[in-house]
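Colleague:
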Amino acid sequence: MSVYFLNFVLFSIGLYCVLRKRNLIKIIIGLIICEYAVNLFLILVGYKMNGRSPIYAPQQEIVNMVDPLPQVLVLTSIVISLATTALVIAVAIRIYEKYHTFDITKIRRLKG
Amino acid sequence: MRWELNLLCVFIVLPLAGAFLNSLVARRFRKFSTLWSNLIIFILFLLSLVTLKFVNQYSVLVYKVGGWSPPFGITLVLDGLSAFMLLAINLISFTITLFSINYMEKFTAKGKFYTLFLLMVAGMNGVVLTGDIFNLFVFLEIASIASYALVAFGTEKDELEAAFKYIVMSTVASMFVLLGIGLLYSYASTLNMADLSSYLAQTEPALVVKFAAVLFLFGFGLKAAIVPFHAWLPDAHPSAPAPISAALSGLVIKALGVYVIVRMFFNVFGVTSEILGVFSVLGIVSMMVGVLLALGQWDFKRLLAYHSISQVGYIMLGLGLGTPLGILGGLFHLFNHSVFKPLLFLNSGSIEYITGTRKLNEMGGLREKLPVTANTSFIASMSIAGIPPFNGFWSKLIIIIACVEAGRIGYGFWAVLGSILTLASFMKVQKYAFFGKLNEKYTQIKEAPFLMQVSMLFLALICVFGGILILPGVREYFITPAVDVVVRGIAYKDVVIGAIK
Amino acid sequence: MNSENNNGMSLIIKTVTRLTVGFIFIYGIYIVLHGHVSPGGGFAGGVIIALSFVNLMLAYGKEELYKRVPKTVLSLFESIGAIMFLSIALLGFTGGYFFYDWFVYKGEPFSIFSAGTMPLSNIAIAIKVASGLFAIFLVLILLRVTSGEEE
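Chains as they are written, first to last, in numbering that gives the first Met the number 0: chain Y, 0 to 111; chain X, 0 to 500; chain L, 0 to 150.
#1: Would you please verify whether the beta carbon of Gly111/Y is less than 8 Å from any beta carbon of chain X?
#2: Would Ala36/Y pass as an interface residue toward chain L - the criterion being a Cβ-Cβ separation below 8 Å?
#3: Determine the extent of the alpha helix (DSSP H) in which Leu85/X is found, giving its start and end residues.
#4: Am I right that Asn191/X and Thr74/X are in contact with their C-beta atoms under 8 Å? What's the rounded C-beta distance?
#5: Which of helix, strand or coil does DSSP assign to Met286/X?
#6: Counting only beta-carbon atoms, is Val78/Y nearer than 8 Å to chain L?
#7: Exposed or buried, which one is Met0/Y when buried takes at least 16 other CB atoms within 10 Å?
#8: Please report whether the beta-carbon of Glu3/X lies at a distance below 8 Å from any beta-carbon of chain L.
#9: Roughly how many angstroms separate the alpha carbons of Gly13/Y and Ala187/X, rounded to a whole number?
#10: Hey, is Leu139/L's beta-carbon within less than 8 Å of any beta-carbon in chain Y?
#11: Determine, using beta carbons only, whether Val126/X comes closer than 8 Å to chain L.
#12: Quick one: Cα of Glu149/L to Cα of Val87/Y, how far?
#13: May I ask you to report which of helix, strand or coil DSSP gives Thr74/X?
#14: Out of curiosity, what's the CA-to-CA distance linking Gly73/Y and Asn38/Y?
#15: For Lys395/X, which of helix, strand or coil comes out of DSSP?
#16: Let me know if Phe136/L comes out buried or exposed under the rule of 16 or more other beta-carbons within 10 Å of its beta-carbon.
#17: Within 10 angstroms of its Cβ, does Asp194/X collect 16 or more other Cβ (buried), or is it exposed?
#18: Can you check whether the CB of Ala18/X is closer than 8 Å to the CB of Leu178/X?
#19: Short of 8 Å Cβ to Cβ, which residues in the segment 56 to 76 of chain Y face chain L?
#20: Between Ser146/L and chain Y, is the shortest Cβ-Cβ distance under 8 Å, so that the two count as touching?
#21: Going straight from the alpha carbon of Phe42/L to that of Leu81/Y, what length do you get?
#22: Strictly below 8 Å CB to CB, what residues from chain L border Ser22/X?
#23: Does the beta carbon of Ile94/Y come closer than 8 Å to any beta carbon on chain X?
#24: Tell me the DSSP secondary structure of Lys63/X in three-state form.
#25: Could you work out which residue in His306/X, Leu232/X, Gly321/X is closest to Leu275/X when comparing CA atoms only?
#26: Could you pull the DSSP bridge partners for Asp131/X from this structure?
#27: Looking at the unbroken alpha helix (DSSP H) that takes in Asn54/L, where does it start and where does it end?
#28: What do you reckon, are the CB atoms on Ser454/X and Leu303/X nearer than 8 Å?
#29: Could you check whether the Cβ of Ile126/L sits closer than 8 Å to any Cβ belonging to chain X?
#30: Is the CB-CB distance between Ile386/X and His306/X below 8 Å?
#31: Please confirm if Leu460/X has its CB atom under 8 Å from at least one CB of chain L.
#32: Considering Asp493/X, what are the terminal residues of the alpha helix (DSSP H) in which it resides?
#33: Taking CB distances under 8 Å as the criterion, tell me whether Ile32/Y reaches chain L.
#34: Starting from Tyr26/L, follow the alpha helix (DSSP H) in both directions and report where the run begins and ends.
#35: Taking the beta carbon of Trp35/X as the centre, do at least 16 other beta carbons fall within 10 Å, making it buried, or is it exposed?
#36: Would you mind telling me which residues of chain L sit closer than 7 Å to Phe53/X, beta carbon to beta carbon, in chain order?
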């Protein structure tokens, strides 16, 4: 149970980082921490105490396998977060090119 | 029945294949990529008309991807609601691609635009068709990532800032959705919607499920821009190129937001009176906040973006009443809004294309120079404000009647008030943009190119004759199957599981 | 010698990279081809292949590599990978279903020639991921260069 709690703390750290930090790069790092926390949660959901990796192999009796499905989900979610991260970093670089700053308090042309 | 089933995955395969081929050949043959993309979207539009016939014939079609039967494999489910959304998505996408043939000429990378647009359509079609919650998440992200790139398409200061805000907020929402999916999987050990629904119906409602439901409401509510989560929309939608604003406002917030909320809460979790209450209160708050913020805007596209929030509020109010009439009103308003809001955005794009401005107080008297744009925009404005005989009137009327019928006179009052304020706001648009004295700068301007006019006229025709869709005899083909799916609620699982066997 | 040193890193790093990069590349291919019998697969192998190129680029400087691997080639490969994967899925229609395993020869379990269409899909994904990831890396670096020139 404490593992889940720590995982939740990690997620909250990421969320805090997104909401409170003023630097674009720190916000992106917060997003990545959030993503990792969720991925870790999915892995924990499928984990079993003293479980073995979910791979069939010849001449072996398979007992106590961890759930492979969350691992597949995590792989997919990693690919998705790779795409999002690449895109958001590209946008951040272009913002730096236009505004010459990473500070979000100085990037305020739109109000809303 | 086999070929009809195979048609379902064409909705996802065709735009994906188009997008990849486009990125392969767009550099060499620019004309070809334009033609190709328009052709694909047109075929999808025709096919989505065919799906309406299937829904009337079989009521539900379940496709097993790869031949793996659920709950192990991924399923694609076509029922009334999916067919309804498919038609809305592909119809509006068709007019938008037609419009952007001329409009996107001023941007350098037209091929890339079509690639991203096709990816977005593939994502939305996938979200609407899939019967598996993780697959839904994947399609949601495909559509979202394409829309992030499209919002930043101009790569100027405003676009980039809006895109950054949109990406950060939308990614956090996606993380909440993924967390909710993880919680549901840990509880029910299944990802198939029908299977999940039947597991949830067998057991006592656990706290985990409620927590997951709240996470979903947050995540998809942010994608739908319901009021506490709306901050990204007024920046992101106006910053995109006009056809993309039309697609984002008309389709994306509905396919990724409202549709998924309806599917998850009505069909999978099962609605209770508390959830319905939350929906209607959120609806009313969005309706009023959106329209009040819109009143003070002078940027045409920003004003339209605030009205999107307000109109999504109407849809949520209609759905939140929970009665068949309210759901009919909500879904019909969803369709109507996805017709007139793209039309208004295309009008704004046409004005921007010709005069180069989005500020209402720099326009004026454009009616004599731009007759098609002015008249279609007049029709759309009257339609969104709920003036008879345009389609927006009928859906708002149904929502208000449903409010009264459900004994919620107060809700009905707010809906009427919101409608009056919408009318006031669009009177302002008409007065400053199209009536009055012509600005001297614009004496030389000409009407928009032919294809842009065609797409605007097409949408305006639907606005004028959209009211026919709810007449008895017509509505059985289009809206009633969708309403039935929502009204049946968690009987969805029995229908889908019955169709597999 | 001296002018060569200005591009990229020092001679030691260049030599070590030259010696190891082939092994990294082959390891990536190994991971891809054994994706269906052991941990790994298209995505992991593709990332390793892309990393071997990134490694080369870090050691020898971006001009050297950009001369040899233009961006158009990368996007070409990326589209080819995607279309290959899609056509493998579409060929499933011959068996009646999208993504159906249309390979007739299923093979022995735990040998390389087994698991139907899965190795082919792995190869397609590896092409897409390797070229896509390297293209992302290149594009981000190019963006940084232009911003430096503007200032």
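C-beta atoms are modelled at their ideal positions from N, C-alpha and C, and glycine is treated no differently.
Modeller: Considering the structure as presented:
#1: Only weak support is given to the placement of Gly111/Y: the predicted model assigns it a pLDDT of 49, under 50, and the question is left unresolved by the model.
#2: no
#3: 79 to 102
#4: 7 Å
#5: For Met286/X, the three-state secondary structure derived from DSSP is helix.
#6: yes
#7: When all chains shown are included, Met0/Y counts as exposed.
#8: no
#9: 27 Å
#10: yes
#11: no
#12: Confidence at Glu149/L is low in this model, with a pLDDT of 40, below 50, so the placement of that residue should be treated as unreliable; the coordinate-derived value is given next. Straight-line Cα distance between these residues: approximately 21 Å.
#13: strand
#14: Checking the displayed sequence, the identity of residue 73/Y turns out to be Val instead of Gly. Going by the C-alpha atoms only, they are around 6 Å apart.
#15: helix
#16: buried
#17: Buried is the call here.
#18: Going by beta carbons, Leu178/X and Ala18/X fall outside the 8 Å limit.
#19: Ala56, Pro57, Leu74
#20: In this predicted model, Ser146/L has a pLDDT of only 47, less than 50, meaning its place in the structure is not dependable enough to derive any value.
#21: Cα to Cα, the separation comes out at about 12 Å.
#22: Ser74, Glu77, Ser78
#23: It does: the Cβ of Ile94/Y has a partner Cβ on chain X nearer than 8 Å.
#24: strand
#25: Gly321/X
#26: Asn191/X
#27: 41 to 59
#28: no
#29: no
#30: no
#31: Not one chain L Cβ lies under 8 Å of Leu460/X.
#32: 491 to 499
#33: no
#34: 10 to 32
#35: Trp35/X is buried by the Cβ-count criterion.
#36: Within 7 Å Cβ-Cβ: nothing; Phe53/X doesn't reach chain L, min ~17 Å.
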